[in-house]
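**Student:** Can you read through this structure? Questions will come right after.
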Amino acid sequence: MSAENQQLVNVVIDGKAIQAPPSLSVIQALWHAGYPRVKGVGCLEGVCGSCRVLVRREGQEKVGMELGCQTLVEEGMQVLFLVFPNPTHHHYELGEIKNSWDVQAEFHRIFPEANSCRHCGGCYSACPKNINVELGVKLAGEGRFREAGELFVECIMCNLCMTGCPEAIAPNHVGLFARRVTAYFHARPSNLIHRLELLRKGELEVDCNSPGSQPDNAAN
Amino acid sequence: MTVSNGTPYSEALSAYQASAARPLKPAGDDTQTLLEQYHPDYRADTLDTIKVGPNSGDRCHRQLAELLQADARIDEADLAGAPVVKTDVLVIGGGGAGCAAALVARQAGAEVILATKLRLGDSNTVMAEGGIQASIEKSDTPQMHFDDTLKAGHFNAERELVAAMVKDGPDVIRWLIQQGMQFDLDEFGDLLTRRAGGTSANRVCYYRDYTGLEMMRVLREAVQNSDIDVWDYSPAVELLANESGHCAGAVLSNLKNCSYVQVVAKTVIIATGGIGRMHLNGFPTSNHFGATGDGLILAYRLGAKLRELDSFQYHPTGLAWPQHLAGSLITEGVRSAGTWLLNGHGERFIDELLPRDVVAAAILRECAEGRGITIEDGVCGVWLDTPGLELRNPGILQQRFPKLLNLGKKAGIDPSRSPLLIYPTLHYQNGGVVIDANGATTVPGLYCVGEASGGIHGKNRIMGNALLEIISFGRRAGEHAAAQRHNKGHKQVGLEHLSRLRRELTISGMPMERKSPMLFPDCAKFDDDADYDGLRRHRRNKVTQE
Amino acid sequence: MSQLNQVLLHESNRVGADLEAWFAAAGGQGLAKALAAPEAIIPLIREAGLRGLGGSGFPTYKKWGFVAAQSNSKEKYLICNGNEDEPGTFKDRILLQQAPHQVIEGATITALACGINHIIFYINPDQQKSIEAMREAVSQWQASEQIAAIEKVLGKTIEYRVLPSSGHYIGGEETAAIESVEGKFPFPRGKPPFPAESGVHGCPTLINNMETLSNVPHILRNGAEWFQGLGLGASTGTKIYCLTGDVLYPGAYELPMGTPLSTLINDYGGGMLLDKKLKAVFTGGPSNTLLTPKDLDVPLDYESVRERQSSLGTGAMIVISEGTGIVKRVSEYVSFFAHSSCGQCPPCKTGTHYAALLLSKIDTGQGSRADLDALENLCTILPGAGRCHMLDGALKVMESSLYHFRHEYEQALVL
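Chains as they are written, first to last, in this note's numbering: chain A, 528 to 747; chain B, 1096 to 1641; chain C, 156 to 570.
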């Protein structure tokens, strides 16, 4: 079952014909074959969104968008790394929104194109996490930020929906906006507030030489 | 690590059966003996004594020592034609600590450049699952948080730093919420908390098992929406010093157009994260691709003192198989929920909730003494008995550990039916650059925050303190560094300290072939990359070719 | 020069929206023949060898035959496609502004041939003059006594409608045009079903280019043999070539189908500007393989151009000389496609976006070898990944420019 004893598969990654064991991810296969790869590599665990790849499997017309660290090589597979920057083209600071009653209006000021969704579904089909991106944008447009934000829980900000959007909506940033305003305006945990109050009044000091922090007392 | 005569994987798997009760084997060794015999930190063959620089005479892991005492990647001549950009604060590193520092420094009115080796947010922060510690429950106090941290770190932590951090805890959570970060709340809107291994109260705030992801995407968005100048694909290859030896900026390598830039700054904050990708002792790692310890090297060359260079955290439950996922972390929460560890004979061999270093050592002991489970070529591990957990708590995996089930899917293993083969994975650098409560190092003008800094965790870290530390000290350093922007400028800025380094290396008879910082893991073959043509073929060669 | 503008753009036909003048110039004669024997239209068109002049070159009679054969359906649509948004193509607007009745008569004859009762003139909204001319011309038709005769033969009432398209390039694609007529965003549909079976509101729908339709009255009036005789060699009819770029006299030239490229450039275009050397020709879209100086002899008809692995397309010929940067030009066109991609197929949207980014990087002196490699690899991995042909068109331009002008890409690289 080790890499060396497995039947090798033939793949083409960034134009390089490579033989690799099928237990390797696309990135690992590239390294395995001795090719350098720095750009488009990140956490290697599928949460950072760096390693976006185009993937075409043998005999298929379809070309998919996937994450290179999460995609195992298969016989006849073609892979191409998509390395490009996606600067956000929106600029806002939560502090500028003075009142939670204004959030929806502010949203449309910050993301004016969010209303121009043409419902092509490209964002949804490009999402490696299968998030219903299009619905999220719609909900945000209706001011249903908490609901919209919930859809983006697993969003890794890979920006594939943003590149895929013909109306330049930046759906992932819309989703993140929805999540951020929800926390900013609505998270008011009373246990936290109470603790902050005690700290402010100086009722919770820390003794740097406390009995509980001495080796002898703590040896249990 | 020698692996002898373990039970073959297929044999162990067919012998395995989930069971509701398994007694814990009586402990043979006391924990100290266990650590000394099996924890990688204690292995004499991997330790070295530092010969050059402020930590001369200190013990250090051999691989780290090699890099600390290696030659610089650049010469002064490489800077010919390199543009100079001036700023108040230069933050090196785009993870949680770097973003927090940059945001606070900018808020305080400083001009800030944030340079990151890869992209903003490519960091270990994004991968953190467990959560962030802050004492907010009625049953908890900052003092208990302090005591727990000290104890877990074997009383090696800097008390002043720990006290500062635990008192910051609740305000850190507030600050994060103000950046727009969500936490899991109960029906009344109170923060939910859970308990970390080796602690005395429920103190870990979390957002599902995506705490780090949620934190990082929020901070990244906040940075991108501010006036902070973000330079991606721009690793720092050397720091700059002024006439007094104070830190005066850094030389960045712009990987996009293969040229060097000198950023001259009033203050520099190093937030470069950990060292997992050095793969100490050949261990797999749970760390991000960019975690190569660059900040330690840069700070050390400029004269910053380091600490606990021989102490690293090996997280007990890294996936050992399949190969493409080796090193992937399985959150401690799974053991907190009551999952057992079993050896090749199906026996429990350690209390799974003991501190991470002890559990990791016990796993290594089982493997070394032939009670592990082996898959050819020296891949060895023990079972993480997830089916047993599911048997005793039906539905728990689905409910509480969706990310683990996802991992199982990728591995082609259903954790509710089949145990997972695990082996300790290199997880965290306990020590780092010596700092004070402002995050300032022993070199004026140079700050260090996050995993690259040392002193907060002693010789072992508890779950949830890493995320707390990066925000707590990130904010502290950002604020303090920003306040230095009114200082007079540097009279002279250069690489004089490299001459000193080279003299000392030569006198000590150190090999000069190796260059550092390493910037990227060896497997990525950065220096051969046609895309970049390596750093050595930067600007200088280009000019000569023309 | 005597072969220039013989038919569609003949001076006598360019009477504007003036129905009387159109009839005075022998307009209406084709329609009269059609009304007399509607069943003879399709065989005549077949004999004449008329083909889709919007780019496909598909035999017109076949397309008509499919729609005519849908006998169960009472409602049938004809979309007269004047979306014309491709860089370098500007023939429809001339036809619509200067000879609107020619198109209307052609469309009417087509309707008679296929039993169509809804005629929609689908026109790019940026061409306001074309829309105005067509609106005026259509109202003249509707007021004329012809309508009664047409409806009598057709057996149902006939509707003429001028509909501005959405202005998206992709709206010119057949199935996208159908979506647009239905009031939706012009997303291309998957085929089958083909429009001839199920198009606008599920009814049989025929889509023809304005130039194709403009030929119809003349074929009816003058006969198939006449039409065949217009073309050179085996080709039939004429083609309006839109010549632009580095020539002395750019413009729309109606010439016999199969006129050699060199004749178009030298005899009609006045030769290369400043006598510079020809470098390449972007044909019809510009979404096809580039033609190069060795292709100067190619007769500009569908088969001959296809033999050179390219396509005649809309008949646009964007001629560039030695002074033009191929990378810059390809970069501009690929950005056009990236901007025009409708979004439905992520490989198309993201693929063209990425290609445009790489091209612009290389063109502006910031590209590395890895960028060039990535560009080439895009051409390998992406073909066929889109629902319509837009992606493939963009890839063809890139691929052929890389094949013929690789050295220019190489020279622009850093390192």
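All C-beta atoms in this analysis are idealised placements derived from N, C-alpha and C, irrespective of residue type, glycine included.
Small disclaimer: the values here were computed from a predicted structure and weren't measured.
G261/C to E202/C, Cα distance in whole Å?
**Tutor:** About 17 Å.
**Student:** Does V1179/B pass the burial test, meaning 16 or more other C-beta atoms within 10 Å, or should it be called exposed?
**Tutor:** It is exposed - the Cβ of V1179/B has fewer than 16 other Cβ atoms within 10 Å.
**Student:** Relative to the alpha-carbon of S390/C, which residue among E194/C, E487/C, V460/C has its alpha-carbon at the smallest distance?
**Tutor:** Comparing Cα positions, the closest option is V460/C.
**Student:** Using a Cβ-Cβ distance under 9 Å, would T690/A count as near chain B?
**Tutor:** It does not; no Cβ of chain B falls within 9 Å.
**Student:** Shorter than 9 Å from the beta carbon of D528/C to some beta carbon of chain A?
**Tutor:** Answer yes: the Cβ-Cβ gap between D528/C and chain A drops below 9 Å somewhere.
**Student:** Let me know the alpha helix (DSSP H) ranges lying completely inside the segment 1269-1355 of chain B, each 4 residues or longer, listed in chain order.
**Tutor:** Taking only runs of at least 4 residues, the alpha helix (DSSP H) segments lying wholly in the segment 1269-1355 of chain B are 1306-1319.
**Student:** Report all residues from its chain with a CB closer than 6 Å to the CB of L451/C; omit the five preceding and five following residues, and keep chain order.
**Tutor:** L416, S417.
**Student:** Pull up the distance between the alpha-carbon of Q1524/B and that of G1190/B, whole angstroms please.
**Tutor:** Taking the straight line joining both Cα atoms gives about 16 Å.
**Student:** Exposed or buried, Q257/C, counting other C-beta atoms within 10 Å across all chains shown (16 or more means buried)?
**Tutor:** Result: buried.
**Student:** For a contact meaning CB atoms closer than 8 Å, what does P347/C contact in chain A?
**Tutor:** Those do not exist, as P347/C stays about 16 Å from chain A at its closest Cβ, beyond 8 Å.
**Student:** How would you label R1396/B, buried or exposed, when you count the other beta carbons within 10 angstroms and need 16 or more for buried?
**Tutor:** Buried, by the Cβ-count rule.
**Student:** Would you grab the beta carbon distance between I1517/B and V1544/B for me? Rounded to a whole angstrom, and I think it's under 8 Å.
**Tutor:** That pair is no contact at about 31 Å.
**Student:** Here's the rule: buried if 16 or more other CB atoms are within 10 angstroms of the residue's CB, otherwise exposed. What is L1119/B?
**Tutor:** L1119/B is exposed by the Cβ-count criterion.
**Student:** Would you check if the segment 588-608 of chain A and the segment 530-537 of chain C touch, i.e. whether three or more CB-CB distances between them fall below 8 Å?
**Tutor:** Yes, since at least three Cβ pairs between the segment 530-537 of chain C and the segment 588-608 of chain A fall closer than 8 Å, the two stretches touch.
**Student:** Identify the contact partners of Q605/A in chain C, using a Cβ-Cβ distance below 9 Å as the criterion.
**Tutor:** The contacting residues are N532, T535, I536.
**Student:** Alpha carbons only, please: which of E194/C, T447/C, G541/C, G243/C is nearest the one belonging to T265/C?
**Tutor:** Ranking E194/C, T447/C, G541/C, G243/C by Cα distance to T265/C puts E194/C first.
**Student:** Return the residue from the list A1532/B, A1394/B, I1392/B, M1373/B that minimises the CA-CA distance to G1385/B.
**Tutor:** It is M1373/B.
**Student:** Nearest to N1251/B by alpha carbon, out of S1406/B, E1464/B, V1454/B?
**Tutor:** With distances taken between Cα atoms, N1251/B lies closest to S1406/B.
**Student:** Since Y1409/B sits in a beta bridge, which residues does DSSP pair it with?
**Tutor:** Per DSSP, L1521/B.
**Student:** Should E458/C be labelled buried (16 or more other beta-carbon atoms within 10 Å of its own) or exposed?
**Tutor:** With fewer than 16 Cβ atoms within 10 Å of its Cβ, E458/C is classed as exposed.
**Student:** For S486/C, decide whether its Cβ has a neighbour in chain A, counting only Cβ atoms nearer than 9 Å.
**Tutor:** Judged by the 9 Å Cβ criterion, S486/C is not in contact with chain A.
**Student:** Starting from the C-beta of T447/C, find all residues in its chain whose C-beta is less than 7 Å away, skip the five residues before and the five after it, and write them out in chain order.
**Tutor:** Counting only Cβ-Cβ distances below 7 Å, and skipping sequence neighbours, we find A435, H559.
**Student:** Tell me whether L535/A sits in a helix, a strand or coil according to DSSP, three-state version.
**Tutor:** If DSSP states are grouped into helix, strand and coil, L535/A belongs with coil.
**Student:** Touch check for the segment 318-325 of chain C and the segment 486-497 of chain C: three-plus C-beta pairs under 8 Å?
**Tutor:** The segment 318-325 of chain C, when compared against the segment 486-497 of chain C, does touch it at the 8 Å Cβ threshold.
**Student:** Quick one, are the C-beta atoms of K1505/B and E1224/B less than 9 Å apart?
**Tutor:** Taking 9 Å as the Cβ cut-off, K1505/B and E1224/B do not qualify as a contacting pair.
**Student:** Along the alpha helix (DSSP H) that carries M1239/B, what are the first and last residues, could you check?
**Tutor:** Element bounds for M1239/B: 1237-1247.
**Student:** Can the beta-carbon of G439/C be found less than 9 Å from the beta-carbon of S466/C?
**Tutor:** Against a cut-off of 9 Å, the Cβ pair of S466/C and G439/C comes out as a contact.
**Student:** Identify each residue in the segment 710-744 of chain A for which the Cβ-Cβ distance to at least one residue of chain B is less than 7 Å, and report them in chain order.
**Tutor:** Those residues of the segment 710-744 of chain A that come within reach of chain B (Cβ to Cβ, closer than 7 Å) are A710, Y711, A714, R715, P716, S717, N718, L719, R722, L723, L726, L731, V733, D734, C735, S737, G739, S740, P742.
**Student:** Measure the C-alpha to C-alpha separation of P1606/B and R1595/B and round it to an integer number of angstroms.
**Tutor:** Approximately 16 Å between the Cα atoms of the pair.
**Student:** Name the chain C residues whose beta carbon is nearer than 7 Å to that of C647/A?
**Tutor:** Here the neighbours are F342, C497, G498, Q499.
**Student:** Leaving out five residues before and five after S490/C in sequence, what residues of the same chain have Cβ atoms less than 8 Å from its Cβ?
**Tutor:** These residues qualify, in order along the chain: A511, L514, S515.
**Student:** At the 9 Å Cβ level, is S1218/B part of the contact set with chain A, yes or no?
**Tutor:** Closer than 9 Å to some Cβ of chain A, the Cβ of S1218/B qualifies, so yes.
**Student:** What's the C-alpha gap between R1495/B and N1488/B?
**Tutor:** C-alpha separation (whole angstroms): 11 Å.
**Student:** So, are the CB atoms of C575/A and V1474/B less than 9 Å apart?
**Tutor:** Their beta carbons are not under 9 Å apart, which means C575/A does not touch V1474/B by this criterion.
**Student:** Going along chain A in order, which residues have a C-beta closer than 8 Å to the C-beta of Y509/C?
**Tutor:** Here the neighbours are L609, F611, T690.
**Student:** Give the residues from the segment 537-551 of chain C that approach chain A closer than 7 Å (Cβ to any Cβ), ordered along the chain.
**Tutor:** Cβ contacts with chain A come from L537, G539, A540.
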